[in-house]
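To start, the structure itself, in structure tokens.
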Amino acid sequence: MASSVPGYLFYSPHQIELNSLFPNAVPAIPDFSFMILGALFFMFFTVVVFDKMGVNNLKSGAVTGIWFGLLLFSFFDFTLMGLFNIITLEFALIDIAVSGVMGCIQGAVIGWSLGKF
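According to numbering that gives the first Met the number 0, the sequence shown holds residues 0 to 116 in order.
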């Protein structure tokens, strides 16, 4: 849920642009079944990692979520830049920043949940 608004505002225009440039490789409308599956795996992974790290409140979850999101998506975006010529440095840097914000929100929810339950 926390990813919906940034996803719609930032990623949708880029999806449309990439589809116009690479219509055989990038669909105009993403396959949400795979995105949901990926999100579930990522959520499970994040909860396990945060639990092992002892994250158990809103604040520690938010802080951990920020750096976790920034580092993970720095790896992802810069690797994509090295493999494919379909994203720009500007897109990667904005994606990393947006991922940090989403990580903060998701981390806060996970931290609060781990402390509560």
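Backbone N, C-alpha and C fix where the C-beta goes; we use that ideal spot for every residue, glycine too. What you are looking at is a predicted structure, and each value in this text was computed from that prediction instead of being measured.
If the five residues before and after alanine 61 are omitted, its C-beta is found closer than 6 Å to the C-beta atoms of Cys103, Gly106, Ala107, all from its own chain and listed in chain order. Ranked by Cα distance from aspartate 94, the options Ile28, Phe44, Asp30, Phe77 are led by Phe77. With fewer than 16 neighbouring CB atoms inside 10 Å of its own CB, valine 4 falls in the exposed class. Isoleucine 85 places its beta carbon 8 Å or farther from that of phenylalanine 43. Taking valine 25 as the centre and dropping the five residues before and after it, the same chain places the C-beta of Leu17, Asn18 closer than 6 Å to its C-beta, in chain order. Distance check between glycine 114 and each of Ser59, Asn23, Phe9, Phe33 places Ser59 closest, using alpha-carbon atoms only.
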